[in-house]
Amino acid sequence: MVFKKVALLCVVLCSAMARIRHDETGKCPPLDTDWEDKLDELFSALPTDFPHAILPEVSQDLDTYLGLKLGNASFSGLHRLKPDRPYETFCRDSERVIQFSLRAPEFLELSIPWALRSGINGSIIATAHLSRIEGQIHVTKTEGVSKWVFESLEMVRLEPPYIAVDPWGSIYGVGSVANVVMRWIDDMNRGMIRLIWQVVLKRVISHFLEDRARQVGIPLE
5 MVFKKVALLC VVLCSAMARI RHDETGKCPP LDTDWEDKLD ELFSALPTDF
55 PHAILPEVSQ DLDTYLGLKL GNASFSGLHR LKPDRPYETF CRDSERVIQF
105 SLRAPEFLEL SIPWALRSGI NGSIIATAHL SRIEGQIHVT KTEGVSKWVF
155 ESLEMVRLEP PYIAVDPWGS IYGVGSVANV VMRWIDDMNR GMIRLIWQVV
205 LKRVISHFLE DRARQVGIPL E
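Mapping of the sequence shown onto the numbering used here: residues 5 to 225, in sequence order.
This is the structure:
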């Protein structure tokens, strides 16, 4: 008899805690029943390629003794980024927070065109064999209208990218073009390539998802 009373008390307390935790009153906007399906559809629409991504200002006006300039970047393999764990959602004050994680178990590629004052040009190609991105979407409701906003999108794992340079020509008195550019990357700017990867990829994915969200019925801004 005592055991039954204790069990009943536990059920009542757990039920009360669940109502508090998942209270769907006006303080925390409820989600549509198919919100997970909509997010799946949204992330599955990431493109294979994304050309002409604008680089951060810090890397646009590079000028070494060779006059090295970088152009806009291109990404390949974005479609390989897929949700790798269940979505999480919780209430924070008057908004709902959705957390997600995207992982690419196969390579993503970043290509950055470069040119020297001499007219020689080519591309820096960086390939990462494993990467993962985490993000948060905040959902608010005003006058009955829900609004979804990207609050954060961060690269939380990026395997050290393999970097290659083309072409394999040479500069008189200096040596292989590829070796010259690679020396510049190694000595001064390998960290910049990683920075470009993280900053530009975040910008590219945010821009694409915000544009695509309207097509799947998500009011993302």
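Even glycine gets a Cβ: it sits at the ideal position worked out from N, Cα and C.
### Task
Please name the residue or residues paired with Cys95 in a DSSP beta bridge.
Arg100
### Query
On the premise that Ile129 lies in contact with Glu155, defined as a C-beta separation below 8 Å, what is that separation, rounded to the nearest angstrom?
Not quite, the Cβ-Cβ distance comes to about 32 Å (not below 8 Å), so this is no contact.
### Message
Assuming Asp53 is part of the beta strand (DSSP E), what are its boundary residues?
### Response
53-57
#### Entry: Burial state of Pro33 (16 or more Cβ within 10 Å)
buried
### Query
Just to confirm, are Leu74 and Ile137 a CB contact at a threshold of 7 Å?
no
### Message
Ala108 and Val204 - do their beta-carbons sit closer together than 7 Å?
### Response
no
### Message
Please identify the residue among Phe54, Pro223, Leu213 whose C-alpha is closest to the C-alpha of Trp201.
### Response
Phe54
### Query
According to DSSP, which residues form a beta bridge with Leu228?
Residue coverage of the chain in this structure runs from 5 to 225, which leaves residue 228 outside it and unanswerable.
### N- and C-terminal bounds of the alpha helix (DSSP H) containing Asp111
For the record, residue 111 in the displayed sequence is Phe; it is not Asp. No alpha helix (DSSP H) contains Phe111, which DSSP labels as neither H nor E.
#### Entry: Phe104, buried or exposed, once every other Cβ within 10 Å from all chains shown has been counted against 16
buried
### Beta-carbon proximity of Ala119 to Leu162, cut-off 7 Å
no
### Task
List the DSSP bridge partners of Trp152.
Val143, Leu224
### Query
Where Ile175 and Ser122 are concerned, what is the direct C-alpha to C-alpha distance, given to the nearest angstrom?
Residue confidence for Ile175 is low, a pLDDT of 40 falling below 50, so the modelled location carries little weight and cannot support an answer.
### Message
Looking only at its chain, what residues have a beta carbon closer than 8 Å to the beta carbon of Glu214, apart from the 5 residues adjacent to it on each side?
### Response
Phe154, Leu224, Glu225
### Query
Can you name the start and end residues of the beta strand (DSSP E) that Ser78 belongs to?
77-80
### Task
Express the C-alpha separation of Asp44 and Asp244 in angstroms, rounding to a whole number.
For residue 244 there is no data in the structure shown, the boundaries of the chain being 5 and 225.
### Query
By Cβ distance, which residues of its chain are closer than 7 Å to Asn76, with the 5 residues on each side in sequence left out?
His56, Ala57, Ile58, Leu59
### Query
Just to confirm, are Val220 and Leu46 a CB contact at a threshold of 7 Å?
yes
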